[in-house]
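In terms of numbering that gives the first Met the number 0, the sequence shown opens at residue 0 and continues consecutively. Please read the structure below before turning to the comments.
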Amino acid sequence: MRGIGTVTNVLTIVGGTLLGLIVGRYISERIRLTVEQAVGMTTLVLGIATAAKTDNIVFPLVSVVLGGIIGESLRVEDRFESLGNWVRRKVEVKSQSGWMSRSSLATLHPRFVEGFVTATLLFSIGPMSILGSIDDGLGRGAQILIVKAALDGLVSILFAATMGWGVAISAVIVGIYQGLMTLGASGLDAILTDRMVHEMSATGGIMILGIALRFMEVKPIRVGSLLPGLFVAPVLVALFAR
């Protein structure tokens, strides 16, 4: 069944968030801070390791720079935050009148929007999203997305414990993003070469590094505005790679 990988991914993110919210209620602030630092450092290592796989650092470098210019021109980061704030307002209204008002999980975390933006970026950037969606769409199987779903579910638990259930809303974006790639798999498979995907992955690694720095509050990197770099990378490879 095509699309099962994305459906599984969405469910693990939501399920992981719910588990993280339950666990997070019993975690002290000291433990919460330590867990947050551990997740941040692991994300940092993941970003460095992914970016280091590039065959030519010029491709991800130029992709991030041009992507940042395009992203800031289109105000991508601001739009992500606006979407997060819009969801927050809607949830606040529901929590004040309705079944959510009776739930202890209805309380919004101060980092609700950050949780939504950070989780969305991390779960959407990377080769597993692209390759997994293409394989799923072409009927080759959903193994890659199933593995990604398991990883995202684990990260969702940790993120939700520190940033609240804005993390769960990222599942909507992931579902749309991977779903569209699954539907357009035949076209993407015909366009993207192994080298293109390779450099897109390295470009995503730099963005993951930015997410880690942002998550640990080292530097407020506007990773959302760098996202167009993922589309710039394959174009540069097509034009200049030999």
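Built from N, CA and C at the ideal position, the CB exists for glycine as well. Predicted, not measured: the structure shown is a model, and the values here were computed from it.
N- and C-terminal bounds of the alpha helix (DSSP H) containing residue i
i, result
"P59", "V57 to L73"
"P219", "P219 -> no alpha helix (DSSP H), and no H or E assigned at all."
"Y176", "G165 to L182"
"L191", "Taken as a continuous stretch (DSSP letters only), L191 belongs to no alpha helix (DSSP H), as it is neither H nor E."
"G19", "I3 to G23"
Simplified DSSP assignment, three categories, for residue i
i, result
"P233", "helix"
"E35", "helix"
"D77", "helix"
"A240", "coil"
"A159", "helix"
"G209", "helix"
"D135", "helix"
"A148", "helix"
"S126", "Reading the sequence as shown, one finds Pro at residue 126 and not Ser. Note: P126 maps to helix in three-state DSSP."
Residue burial classification, residue i (beta-carbon count within 10 angstroms, cutoff 16)
i, result
"I172", "buried"
"S185", "exposed"
"R101", "With a pLDDT of 48 at R101, under the threshold of 50, the modelled position of this residue cannot be trusted, and the question is left open."
"F122", "buried"
"M162", "buried"
"E198", "buried"
For residue j and residue i, believed in contact at Cβ under 8 Å, the rounded distance
i, j, result
"F58", "L235", "5 Å"
"S224", "G125", "About 18 Å; that fails the 8 Å criterion."
"S155", "V146", "With 8 Å as the limit, S155 and V146 do not qualify as a contact, their Cβ atoms being about 15 Å apart."
Cβ-based neighbour list, residue i, same chain, cut-off 7 Å, excluding 5 preceding and 5 following
i, result
"K218", "L212"
"L182", "G136"
Cutoff 6 Å; reference residue i; Cβ partners in own chain excluding five residues on either side
i, result
"W164", "T16 and L20"
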